[in-house]
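Participant: The sequence shown begins at 0 in numbering that gives the first Met the number 0 and counts up one residue at a time.
Can you keep this structure in mind? I'll have questions shortly.
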Amino acid sequence: MNIKNNLERVISKLKEKQNSINVKTLLYLILFSLGIVIFLWVFQVIFLQISYEHYQMKKMNMIVDKLEKTSWDDLDNMLATLAYQNSVCIEFETNYGNNLFYNTMQVGCGLNKNISSINSIKEELKSTYEKKKGVKLINPVSQTKAYLYELKNDYGYIFIYSTLEDIDSTSIVLKRQLIYIMFLVLFFASLVAYFLSKRITKPIVGITKKAKEMGKGNYDIVFQENGTLEIDELARTLNSACKDMKKIDELRRDLLANVSHDLKTPLTMIKAYAEMVRDITYQIPDKRNQNLNVIIDETDRLTVLVNDLLELSKLQSLNEKIILEDYDLIEEIKEILEKYDIVIEKEKFNIVLEVLDKAMVRAEKNKINQVIYNLINNALNYTGKDKKVTIRVTDKGKKYLVEIIDTGKGIKNDDLPYIWDKYYKNDKNHQRNVVGTGIGLSIVRNILETHKFKYGVLTKKGKGTTFYFEIDKAIK
0 MNIKNNLERV
10 ISKLKEKQNS
20 INVKTLLYLI
30 LFSLGIVIFL
40 WVFQVIFLQI
50 SYEHYQMKKM
60 NMIVDKLEKT
70 SWDDLDNMLA
80 TLAYQNSVCI
90 EFETNYGNNL
100 FYNTMQVGCG
110 LNKNISSINS
120 IKEELKSTYE
130 KKKGVKLINP
140 VSQTKAYLYE
150 LKNDYGYIFI
160 YSTLEDIDST
170 SIVLKRQLIY
180 IMFLVLFFAS
190 LVAYFLSKRI
200 TKPIVGITKK
210 AKEMGKGNYD
220 IVFQENGTLE
230 IDELARTLNS
240 ACKDMKKIDE
250 LRRDLLANVS
260 HDLKTPLTMI
270 KAYAEMVRDI
280 TYQIPDKRNQ
290 NLNVIIDETD
300 RLTVLVNDLL
310 ELSKLQSLNE
320 KIILEDYDLI
330 EEIKEILEKY
340 DIVIEKEKFN
350 IVLEVLDKAM
360 VRAEKNKINQ
370 VIYNLINNAL
380 NYTGKDKKVT
390 IRVTDKGKKY
400 LVEIIDTGKG
410 IKNDDLPYIW
420 DKYYKNDKNH
430 QRNVVGTGIG
440 LSIVRNILET
450 HKFKYGVLTK
460 KGKGTTFYFE
470 IDKAIK
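In structure tokens, the structure reads:
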């Protein structure tokens, strides 16, 4: 069984290596090198003869073009010059019965040798109506390929003869060279692939190891940059993700602690006062009723907490649909403030209302009421020693701007992205809220984002915080 497991482990590692950057880089470079060698092979060996013949034909056409533009006075010099410069032999058969030869002594020339097969081809070319024409032929003396071009002009017939060299021997040499080149290219490609893959994979391997540590919960690691654009971007992204995950992990621990705190405190009090009623005050009506009222208040607090958690879960499920309606926002704010009369009287809060006489808006009334209620709760919990909270509604054209302002110590800039998270607190020492459950801002965010209303927070250290949102005006 151990042997089988070890074998499977080895096979698994081999498969992983097959997919590694080292192997793939080596494979791609080898394939690229082979592609270059094959390309050279095709164009240097297979197409060499074709390219050479094409070049010779192009040279012949160039000679003919020049001769067509040459006058009788310059013709003799031009024929001699072109024959020697281009390594061709030329025969000029004039209308006066003279035959002039140029460079016919060069090796392989088929003119001026009275070769019957070549003479018959010349006669065929002369008999055609075409002004210029070329043919390929085999020189029967040297058994070499050649090209014969005939040009008719006012002075007679011009025959241009060019030997097509046998390049088979050249092809053999090129083939041997290409074999050596192929092995050299593959060798150097392997070296380049090895060092290149090492340079690429080294930082990636380091990032992978640290990423695994991050996955295990170690968020104190730092991903190093190495000067490569893509790897540096990856390192910066992972560093940012690590920072966010560390913050989220802290918030998660805070959430557990805070939820436990908010559940434990009322449960402890319920148990304590219930035992007191059972053991001590059950025969004393005033004390018993007082204790029972405490039990009821703490039960209500638990109910609010559970309802808020359920509401938040419902909002985050994306299944909740909003039902828009037109209503007076100012009237609703005033009704919400009536619920705070007891808190204002007991805790001596000063709630200042700076609103319009009327503000008809279009939204889901119950949801926006929750937003206002939770923002007021938040302001009451964090306002300053003067216990002042200001509610302001202003006209902004197509929208109304709603602001809830406290005079507390403000929020740190580093903490601003996280204030909308469940149970986020300005300080780590969680204090029990005067009102609310501690998840109000998370509910606010979800409701406003569902409505697609703009929202945010403005804060200044030691001067207080302003939470705001914009709400659409009612359609007239």
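Beta carbons are placed, not taken as given, at the ideal position from N, Cα and C, and that holds for glycine.
Taking 8 Å as the cut-off, does the region 404-413 touch the region 371-391 (at least 3 CB pairs, one atom from each stretch)?
Facilitator: Touching, yes.
Participant: Cutting at 7 Å between CB atoms, please list the residues of its own chain near N94, excluding the five before and the five after it.
Facilitator: These residues qualify, in order along the chain: Y154, G155.
Participant: Report buried or exposed for I90, applying the criterion of at least 16 other Cβ atoms within 10 angstroms of its Cβ.
Facilitator: For the sequence presented, residue 90 should be read as Glu rather than Ile. Label assigned to E90: buried.
Participant: Determine contact between the region 444-464 and the region 357-366, defined as no fewer than three beta-carbon pairs at a distance below 8 Å.
Facilitator: A contact exists between the region 444-464 and the region 357-366.
Participant: Quick check on this structure: which residue in L74, Y51, S196 has the alpha carbon closest to the alpha carbon of T162?
Facilitator: When only C-alpha atoms are compared, the closest one is Y51.
Participant: Please state whether DSSP places L323 in a helix, a strand or coil.
Facilitator: Three-state result, L323: coil.
Participant: Taking the alpha-carbon positions, what's the E274 to L266 distance?
Facilitator: For E274 and L266, the distance between alpha carbons rounds to 12 Å.
Participant: If you run the structure through DSSP and keep just helix, strand and coil, what is E402?
Facilitator: Correct three-state label for E402: strand.
Participant: Going by alpha carbons, who is nearest to N76 out of M61, Y101, G96, A145?
Facilitator: Nearest option by C-alpha distance: Y101.
Participant: Looking at the structure shown, is L99 part of a helix, part of a strand, or coil, going by DSSP?
Facilitator: DSSP places L99 in strand when its eight states are reduced to three.
Participant: State the Cα-Cα distance for the pair K245 and M213, rounded to the nearest angstrom.
Facilitator: Going from the Cα of K245 to the Cα of M213 covers about 9 Å.
Participant: Does the contact criterion of 3 or more C-beta pairs under 8 Å hold for the region 187-203 versus the region 111-118?
Facilitator: At 8 Å Cβ cutoff, the stretches do not touch.
Participant: Would you say the region 196-203 touches the region 118-130, given that touching needs at least three Cβ pairs under 8 Å?
Facilitator: Contact fails: fewer than three Cβ-Cβ distances are below 8 Å.
Participant: Would you call N138 buried or exposed, if buried means 16 or more other Cβ atoms sit within 10 Å of its Cβ?
Facilitator: Buried.
Participant: Return the CA-CA distance between F468 and R391, expressed in angstroms with no decimal places.
Facilitator: So the two alpha carbons sit approximately 11 Å from each other.
Participant: List the endpoints of the continuous beta strand (DSSP E) containing V456.
Facilitator: Start and end: 454-459.
Participant: From the DSSP secondary-structure annotation, give me the bridge partner or partners of I157.
Facilitator: Answer by DSSP bridge pairing, in chain order: F91, L150.
Participant: Quick check: the Cα distance between V85 and L33, rounded to an integer number of angstroms?
Facilitator: Here residue 85 turns out to be Asn, not Val, going by the sequence shown. Cα to Cα, the separation comes out at about 38 Å.
Participant: For V22 and K197, I'd like the C-alpha separation in whole angstroms.
Facilitator: Going from the Cα of V22 to the Cα of K197 covers about 11 Å.
Participant: Quick check: the Cα distance between I269 and T280, rounded to an integer number of angstroms?
Facilitator: For I269 and T280, the distance between alpha carbons rounds to 14 Å.
Participant: Below 9 Å between beta carbons: does that hold for I332 and V354?
Facilitator: Contact flag set, yes.
Participant: Beta-carbon within less than 6 Å of Y454's beta-carbon, same chain only, minus the 5 sequence neighbours each way: which residues are those?
Facilitator: L447, F468.
Participant: Under the rule that 16 or more other beta-carbon atoms within 10 Å means buried, what is N217, buried or exposed?
Facilitator: The residue in question, N217, is exposed, as its Cβ has fewer than 16 Cβ neighbours within 10 Å.
Participant: Can the beta-carbon of N373 be found closer than 9 Å to that of I442?
Facilitator: Against a cut-off of 9 Å, the Cβ pair of I442 and N373 comes out as a contact.
Participant: Using 10 angstroms around the beta-carbon of Y146, count the other beta-carbons present and answer buried if the total reaches 16, otherwise exposed.
Facilitator: Buried: at least 16 other Cβ atoms inside 10 Å.
Participant: Would you call the CB atoms of I178 and V63 closer than 9 Å?
Facilitator: Their beta carbons are not under 9 Å apart, which means I178 does not touch V63 by this criterion.
Participant: For K345, which option in D327, K386, E334 has the closest C-alpha, if you only look at C-alpha atoms?
Facilitator: Among D327, K386, E334, the Cα nearest to that of K345 belongs to K386.
Participant: For S141 and T69, I'd like the C-alpha separation in whole angstroms.
Facilitator: Whole-angstrom Cα-Cα distance: 33 Å.
Participant: Which ranges does the alpha helix (DSSP H) cover as unbroken runs of at least 4 residues, wholly within the region 31-83, from first to last along the chain?
Facilitator: The region 31-83 contains these whole alpha helix (DSSP H) runs: 47-67.
Participant: Can you grab the Cα-Cα spacing for the pair V401 / L237, in whole Å?
Facilitator: Spanning the two alpha carbons is a distance of roughly 38 Å.
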